[in-house]
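Visitor: Letter 86 of the sequence shown, counting from 1, is numbered 388 in our numbering, and no numbers are missing.
Idealized CB from N, CA, C, for every residue including glycine.
My questions all concern the structure below.
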Amino acid sequence: MARLDDANLPPLLDRFGRLHTYVRVSVTDRCNFRCVYCLPEEGATLSPRAELLQYEEIVRVVRVMAAMGLRRVRLTGGEPTVRRDLEQLVAGLSRLDGIDEITLTTNAHRFAAQAAALRAAGLHRVNISLDSLDAARFGQITRGGELGAVLAGIDAAVAAGLLPVKINMVVMGGVNDDEVVPMTRWALERAPAVQLRFIEYMPFDQRRHVGVSAAELRRRLVDAFGPLEPDGERHGGGPATHARIGPLVVGFISPITEHFCASCNRLRLLSDGHLRTCLAHEDTPSLRDLVRGGASDGELAATILGIVRGKPAGHLAELEGGTAFEGIMTRIGG
Ligand code: SAM
Ligand code: SF4
């Protein structure tokens, strides 16, 4: 492995000129839900706890990445709020030079009790998954989640000032696509504190549902609310495209029908320390052994850069029946 000068690390640039400023960290593969599109009913095989990166190890890896130009960190999972003392990780990350933004993606089932402490530790914003406003259906999609607890979590996020709170809805034909318009009305009543993002369903292994394209979603919104106002503003630098309905910002995340690989600036640090450059590729080594083996910052940086330079140009999945994404979403971090 080439040694790099610990004090002067190179930027996270890949072969296609993409500069990587954003990492999604899966802090645990554990989850208190088993959403039908994410996990099999029996749950996934969990990594032994000793294989999960410890908080100090996550902070170490992110510190090296920050010295290479990384600016934003999103904590995800599995369900990040089920890992004990999450605010300690947030506090550790918020002390790092160069990190401008720390965000969280959560199902919010436990968030009402945690929002204020996470905010105080340095969390900037939160994305909350909400696929139905019907309690029975919500329970079926999440296999046991309580809608009331999640709505309380959303209220707590707004009250804690984690604004705007972005609501993520995975739309599946015949499952919850009849709620696209009611969900938009619900979000409209809470705008601008709340934004709504429709996520295109991605096929993972055996979990096969019918996705609804962003083009179809836009058609349905236009029918219900009239022409969508274009929204050119950037809302967090992610891959969503946006429109406005009055005060409500609506985002469309379309990994399948509207590829955004060409501008992808993200890395994924998996709960077991593997570093993925693409959601759809199971090809990268773990940084965990390196960190535990006492590697210097320069050695860690050289390995990270090697992985980044191997990043593929894009993925090949198609809306229905295409290449299934590989791996388990809870380990990778959606
Ligand atoms: N547990 C947290 C949550 O649900 O928000 C964070 C982890 S979850 C894996 C992150 C995001 O991935 C969620 O918004 C979830 O809806 C999304 N997701 C999971 N499986 C998906 C799939 N097959 N297609 C599209 N989005 C998916
Ligand atoms: Fe858990 Fe989030 Fe996956 Fe649902 S989408 S099973 S809440 S990790």
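Starting from Gln442, trace the alpha helix (DSSP H) in both directions and tell me its first and last residue.
Guide: Sequence index remark: in the sequence shown, residue 442 carries index 140 (1-based). Gln442 -> alpha helix (DSSP H) spans 437-444.
Visitor: Could you tell me whether the Cβ atoms of Leu377 and Leu406 are closer together than 7 Å?
Guide: The residue you call residue 377 lines up with position 75 of the sequence shown. The residue you call residue 406 lines up with position 104 of the sequence shown. Yes.
Visitor: Considering only the alpha carbon of each residue, which of Ala410, Glu353, Leu372 lies closest to Glu298?
Guide: In the structure as shown, the chain begins at 303 and stops at 636. Residue 298 is therefore absent and cannot be evaluated.
Visitor: Sort Val551, Arg445, Leu432, Ala369 by Cα distance to Gly400 and report the nearest one.
Guide: Against the sequence shown, residue 400 aligns to sequence position 98. With distances taken between Cα atoms, Gly400 lies closest to Ala369.
Visitor: Does the Cβ of Pro529 have 16 or more other Cβ atoms within 10 Å, making it buried, or fewer, making it exposed?
Guide: Taking the first residue of the sequence shown as 1, we reach residue 529 at position 227. Exposed, by the Cβ-count rule.
Visitor: Can you tell me the Cβ-Cβ gap for Leu311 and Ala603, rounded? I've got them flagged as a contact below 8 Å.
Guide: Sequence index remark: in the sequence shown, residue 311 carries index 9 (1-based). Sequence index remark: in the sequence shown, residue 603 carries index 301 (1-based). So it is a contact: roughly 5 Å between Cβ atoms.
Visitor: Quick one: is the Cβ of Glu343 within less than 6 Å of any heavy atom of the ligand SAM?
Guide: One-based indexing of the sequence shown puts residue 343 at position 41. Result no, Cβ not under 6 Å from the ligand SAM.
Visitor: Have a look at Thr579 and Leu569 and give me their C-alpha separation to the nearest angstrom.
Guide: Here residue 579 is taken as the residue at index 277 of the sequence shown, counted from 1. Here residue 569 is taken as the residue at index 267 of the sequence shown, counted from 1. Going by the C-alpha atoms only, they are around 5 Å apart.
Visitor: Which of the three DSSP states is assigned to Ala495 in this structure?
Guide: By one-based count along the sequence shown, residue 495 stands at place 193. Residue state, collapsed to three classes: coil.
Visitor: Relative to the ligand SF4, is the shortest distance from any of its heavy atoms to the C-beta of Gly455 smaller than 6 Å?
Guide: Sequence index remark: in the sequence shown, residue 455 carries index 153 (1-based). Gly455: no, Cβ never under 6 Å from the ligand SF4.
Visitor: Considering only residues of the same chain and omitting the five flanking positions on each side of Tyr324, which have a CB-CB separation below 6 Å?
Guide: Position 22 of the sequence shown, counted from the first residue, corresponds to residue 324. Taken in chain order, the residues that qualify are Arg374, Asn567, Arg568.
Visitor: Alpha carbons only, please: which of Lys613, Gly600, Ala615, Pro614 is nearest the one belonging to Val363?
Guide: Taking the first residue of the sequence shown as position 1, residue 363 is located at position 61. Residue Gly600 is the option with its Cα nearest to Val363.
Visitor: Cα separation between Gly345 and Ile609?
Guide: Locating residue 345 in the sequence shown gives position 43, counting from the first residue. Locating residue 609 in the sequence shown gives position 307, counting from the first residue. Cα to Cα, the separation comes out at about 30 Å.
Visitor: Buried or exposed: Val524, going by 16 or more other Cβ atoms within 10 Å of its Cβ?
Guide: Along the sequence shown, one-based indexing puts residue 524 at 222. That one is exposed.
Visitor: Which term fits Gly319, buried or exposed, when burial requires 16 or more other beta carbons within 10 angstroms of its beta carbon?
Guide: By 1-based counting over the sequence shown, the position of residue 319 is 17. So Gly319 ends up on the exposed side.
Visitor: Can you give the Cα-Cα distance for Arg445 and Phe500, rounded to whole angstroms?
Guide: Here the question's residue 445 lines up with position 143 in the sequence shown. Here the question's residue 500 lines up with position 198 in the sequence shown. Between Arg445 and Phe500, the C-alpha separation is close to 21 Å.
Visitor: Less than 7 Å between C-beta atoms, sequence neighbours within five positions excluded: which residues of the same chain meet that for Ala462?
Guide: For this step, residue 462 is matched to residue 160 along the sequence shown. Excluding residues within five positions, the ones whose Cβ falls inside 7 Å are Ala417, Ala418, Arg421.
Visitor: Using the rule of at least 16 other Cβ atoms within 10 Å of the residue's Cβ for burial, across every protein chain shown, is Ala489 buried or exposed?
Guide: Along the sequence shown, one-based indexing puts residue 489 at 187. Ala489 is buried by the Cβ-count criterion.
Visitor: Assuming Leu577 and Val327 form a contact by the criterion Cβ under 8 Å, report the distance between their Cβ atoms to the nearest whole angstrom.
Guide: If you number the sequence shown from 1, residue 577 lands on position 275. If you number the sequence shown from 1, residue 327 lands on position 25. Contact doesn't hold; Cβ gap of about 10 Å is too wide.
Visitor: When every heavy atom of the ligand SAM is checked, does at least one fall within less than 6 Å of the C-beta of Thr330?
Guide: One-based indexing of the sequence shown puts residue 330 at position 28. Thr330: no, Cβ never under 6 Å from the ligand SAM.
Visitor: Could you spell out where the alpha helix (DSSP H) holding Arg276 opens and where it closes?
Guide: This structure leaves residue 276 out entirely; the chain is present only between 303 and 636.
Visitor: Do Phe413 and Gly379 have their C-beta atoms closer together than 7 Å?
Guide: Locating residue 413 in the sequence shown gives position 111, where the first residue counts as 1. Locating residue 379 in the sequence shown gives position 77, where the first residue counts as 1. Not closer than 7 Å, so no.
Visitor: Of all the options Asp533, Leu519, Thr543, Val473, which has the alpha carbon lying nearest to the alpha carbon of Met504?
Guide: The residue given as residue 504 occupies position 202 in the sequence shown. Measuring from the Cα of Met504, the nearest candidate turns out to be Val473.
Visitor: Taking DSSP as the reference, what is the three-state secondary structure of Gly553?
Guide: By 1-based counting over the sequence shown, the position of residue 553 is 251. Gly553: strand per DSSP, three-state reduction.
Visitor: Could you check what DSSP says for Thr378 in three-state terms: helix, strand or coil?
Guide: Along the sequence shown, one-based indexing puts residue 378 at 76. Three-state DSSP puts Thr378 in a strand.
Visitor: Just verifying my parser: in three-state terms, what is the DSSP assignment at Val329?
Guide: If you number the sequence shown from 1, residue 329 lands on position 27. Val329 falls in the coil class under three-state DSSP.
Visitor: Check whether the Cβ atoms of Ser573 and Thr330 lie closer than 7 Å to each other.
Guide: Taking the sequence shown and counting its residues from 1, one reaches residue 573 at position 271. Taking the sequence shown and counting its residues from 1, one reaches residue 330 at position 28. Yes; because the gap between Cβ atoms is below 7 Å, this pair is in contact.
Visitor: Cβ-heavy atom distance between Gly446 and the ligand SF4 below 6 Å?
Guide: Position 144 of the sequence shown holds residue 446. Answer for Gly446: no, Cβ out of range of the ligand SF4.
Visitor: Starting from the Cα of Val551, find the closest Cα among Pro532, Ser565, Gly476 and give me that residue.
Guide: Start at 1 with the first residue of the sequence shown, and residue 551 comes out as number 249. When only C-alpha atoms are compared, the closest one is Pro532.
Visitor: For my contact list, Val392 and Leu425 are in at a C-beta cut-off of 8 Å; report their separation, rounded to the angstrom.
Guide: The residue you call residue 392 lines up with position 90 of the sequence shown. The residue you call residue 425 lines up with position 123 of the sequence shown. Indeed, because the Cβ distance is near 5 Å, the residues count as touching under 8 Å.
Visitor: Please go through the same chain and pick out, in chain order, the residues whose beta-carbon is closer than 7 Å to the beta-carbon of Ser434, but skip the five residues on each side of it.
Guide: Within the sequence shown, the letter at position 132 stands for residue 434. Result list for Ser434: Phe440, Ile443, Asn478, Glu481, in chain order.
Visitor: Quick one: is Glu448 buried, meaning 16 or more other Cβ sit within 10 Å of its Cβ, or exposed?
Guide: The residue you call residue 448 lines up with position 146 of the sequence shown. Burial call: exposed.
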